[in-house]
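Shown next, in structure tokens, is the structure this report addresses.
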Amino acid sequence: MTTGTGTRPMVRISSVRKCFGAVEVLKGISLDVPVGGVVCVVGPSGSGKSTLLRCVNRLETIDSGRIWVDGDLIGYAERDGRLHHLSPAALSRQKQDIGMVFQRFHLFPHRTALENVMEGPVVVRGVPKDKARTRAMELLERVGLADRAGHYPAQLSGGQQQRVAIARSLAMDPKLMLFDEPTSALDPELVQEVLAVMRDLAASGMTMMVVTHEMGFAREVGDDLIFIDGGVVVERGNPREVLAAPRHERFRAFLGQVL
Ligand code: ADP
Ligand code: MG
Numbered sequence: 001m002t003t004g005t006g007t008r009p010m011v012r013i014s015s016v017r018k019c020f021g022a023v024e025v026l027k028g029i030s031l032d033v034p035v036g037g038v039v040c041v042v043g044p045s046g047s048g049k050s051t052l053l054r055c056v057n058r059l060e061t062i063d064s065g066r067i068w069v070d071g072d073l074i075g076y077a078e079r080d081g082r083l084h085h086l087s088p089a090a091l092s093r094q095k096q097d098i099g100m101v102f103q104r105f106h107l108f109p110h111r112t113a114l115e116n117v118m119e120g121p122v123v124v125r126g127v128p129k130d131k132a133r134t135r136a137m138e139l140l141e142r143v144g145l146a147d148r149a150g151h152y153p154a155q156l157s158g159g160q161q162q163r164v165a166i167a168r169s170l171a172m173d174p175k176l177m178l179f180d181e182p183t184s185a186l187d188p189e190l191v192q193e194v195l196a197v198m199r200d201l202a203a204s205g206m207t208m209m210v211v212t213h214e215m216g217f218a219r220e221v222g223d224d225l226i227f228i229d230g231g232v233v234v235e236r237g238n239p240r241e242v243l244a245a246p247r248h249e250r251f252r253a254f255l256g257q258v259l
């Protein structure tokens with residue numbers, strides 16, 4: 001693994017294959033995300049984007065290949081030159097470093113915005129409530145929702161709920177944030193407020209993998225753009241360059257549909 005300054009990968013995905021039954025959904029995916037880098041993953045529906053993200057935080061197991069996050073092999077430990085499955089407790093600790101934001105917000109409906117953000121640190125980490133509350137307020141402020149702390153999810157717009165979901169992930173102090181089409185379920189006028197929060201997060205140095213159809217975001221914020229089709233990486237490069245001059249016909253056809 002490279003360890004030179006600025007090139008150390010936060011995520012290294014190496015020759016990952018994943019099948020569901022007889023269907024091979026990821027057919028040997030390799031990519032690196034450097035520390036502080038933002039990789040945007042685009043591709044048609046069913047191409048394996050969500051599966052790829054889900055493999056990174058072990059919501060899915062992989063059939064072959066390796067995934068490292070911050071140098072740790074995901075799901076395994078190496079002992080005596082052999083790979084051993086991590087214990088559930090060790091896996092749970094490993095996953096705490098990886099935040100994930102979904103298309104649907106999955107907030108606890110009977111808890112306020114503040115309580116949603118406090119939940120992880122208090123329940124999983126045993127952080128004292130006062131401390132967790134202070135930090136949760138800071139995070140709600142960061143996503144522009146300090147004045148909504150006492151609101152329940154049903155009293156918030158979709159964009160506000162998604163910003164609470166981002167704050168909730170950040171409360172666990174992740175090293176890496178995964179976003180799976182975070183704005184796809186939102187009314188068009190609410191998309192930008194969520195992208196603005198993600199832009200700030202990227203600017204703060206967070207390492208991010210973002211599945212999105214928002215090419216404007218990819219162009220402005222992405223360090224790398226990966227186009228996946230049929231479980232393989234078809235095209236990759238600097239987003240501004242590949243969007244201006246897509247090389248592969250499948251990527252051109254895809255852009256014709258989303259732009
Ligand atoms: P994308 O996010 O790019 O739309 P997905 O990663 O969700 O694609 O899905 C890729 C393929 O894997 C699809 O054909 C989907 O039907 C299939 N798939 C995803 N999850 C499962 C699952 N849990 N069981 C069986 N097939 C699945
Ligand atoms: Mg998906």
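For the sequence shown, the UniProt record's numbering gives the first residue as 1, with consecutive numbering after it. Note that CB positions come from ideal geometry on N, CA and C, so glycine has one too.
Query                                                                                                                                                                          : Result
Could you name each continuous beta strand (DSSP E) segment of 3 residues or more that falls completely within the segment 3-56, going from the start of the chain to the end? : 9-20, 23-34 and 38-42
Taking the C-alpha atoms as reference points, what is the distance between residue 46 and residue 230?                                                                         : 8 Å
Which same chain residues end up closer than 8 Å to residue 228 when comparing Cβ atoms and leaving out the 5 residues on each side of it in sequence?                         : 29, 41, 42, 43, 47, 48, 49, 52 and 234
Ordered along the chain, which non-local residues of its own chain (more than five positions away) have a Cβ less than 7 Å from that of residue 132?                           : 118, 121 and 122
Please check the pair residue 194 and residue 162, which I expect to be a contact at CB under 8 Å, by giving their CB distance rounded to whole angstroms.                     : 5 Å
Using DSSP's beta-bridge definition, name the partner residues of residue 296.                                                                                                 : What the structure shows of the chain is the stretch from 1 to 259, and residue 296 is not part of that stretch, so it cannot be assessed.
For the beta strand (DSSP E) holding residue 267, just list the boundary residues, first then last.                                                                            : One cannot answer for residue 267 here, as it falls past the ends of the chain, which runs 1 to 259.
Note the first and the last residue of the continuous alpha helix (DSSP H) segment covering residue 214.                                                                       : It is not in any alpha helix (DSSP H) - residue 214 carries neither H nor E in the DSSP assignment.
May I have the straight-line CA-CA distance separating residue 277 from residue 169, to the nearest angstrom?                                                                  : Since the first residue of the chain shown is 1 and the last is 259, residue 277 is not available in this structure.
So what does DSSP say about residue 69, is it helix, strand or coil?                                                                                                           : strand
Could you tell me the distance, in whole angstroms, from the CA atom of residue 65 to the CA atom of residue 130?                                                              : 43 Å
Give me the pocket residues for ligand 1, defined as CB within less than 6 Å of any heavy atom, sorted by chain position.                                                      : 20, 25, 43, 45, 46, 47, 48, 49, 50 and 51
Given that a residue counts as buried once 16 or more other Cβ atoms are within 10 Å of its Cβ, and exposed if not, what is residue 126?                                       : exposed
Sort out for me which residues DSSP pairs residue 98 with in a bridge.                                                                                                         : 176
When the distance is taken between beta carbons, is residue 152 closer than 9 Å to residue 113?                                                                                : yes
To the nearest angstrom, how far is the alpha carbon of residue 139 from that of residue 166?                                                                                  : 9 Å
May I ask whether a heavy atom of ligand 3 can be found less than 8 Å away from the beta carbon of residue 211?                                                                : Among the ligands present in this structure, namely ligand 1 and ligand 2, ligand 3 is not found.
Between the alpha carbons of residue 63 and residue 54, how many angstroms are there, rounded?                                                                                 : 13 Å
Beta carbon of residue 272, beta carbon of residue 143: below 9 Å?                                                                                                             : Nothing about residue 272 can be read from this structure; the chain reaches only from 1 to 259.
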